[in-house]
Amino acid sequence: MAAIVLRFTGKELIPVMEIPLSATINELKERIEALLDVHVTRQTLSFNRETLRDDKTVGYYFSNLLPHATVALAVQTLQGEPDFNISVKFEEDMIDVRVKETTLVYDLKGMIERRSGILSKHMKLLRLGTEMVDHFPISSYYVCGEGEGSQVELTLNINPR
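Quick note, the sequence shown lines up with residues 863 to 1023 if you use the numbering used here.
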């Protein structure tokens, strides 16, 4: 079965996935939801400024571009900026933190510092293997409020003397 590797741009995190050409755009969105925890109804995919239709197949848009292509992924913001929980994984522990999609990574580190006692200057936060930069909102890394299943990984960034 023929497949294509798609890169998704639009945020700081750039996920990559392989998908069969026979899959529909809606099925592609379902796979994106499984990977990023962004509900299908909030996703808009586009290629060359054309919005991809859910009922068309991946091959309809990309069969001439094998083996890979880049697609823009836009995520509709939640109305009213509701709070939601995310899990921060640190070693074997999980820390639950209540945030908004507009919360800056810098502010998230402060929340984690208050909960864990770890100084924020020693924190490095990762989302799906990508380091999160302080001045970006967490939504730039597809930390979104639907399923409350978004997870961020905390590692320590301490230089030995």
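Note that CB positions come from ideal geometry on N, CA and C, so glycine has one too.
These numbers come from a predicted model, not from an experiment.
- Residue nearest to R977 in terms of C-alpha spacing, selected from T964, R960 and V900: R960
- Item | Within the stretch 913-965, ranges of the beta strand (DSSP E) (whole runs, at least 3 residues) | 930-937, 946-952 and 955-961
- At what residues does the alpha helix (DSSP H) containing A896 begin and finish? I887 to L898
- Query: Do the stretch 937-948 and the stretch 960-972 meet, that is, are 3 or more Cβ pairs less than 8 Å apart?
  - Reply: yes
- Message: With a threshold of 8 Å on Cβ separation, who are the neighbours of T886 within its own chain once the five nearest residues in sequence on each side are excluded?
- Response: D916, D917, K918, T919 and V920
- How about the stretch 986-993 and the stretch 865-884: do they share at least three Cβ pairs that are nearer than 8 Å? yes
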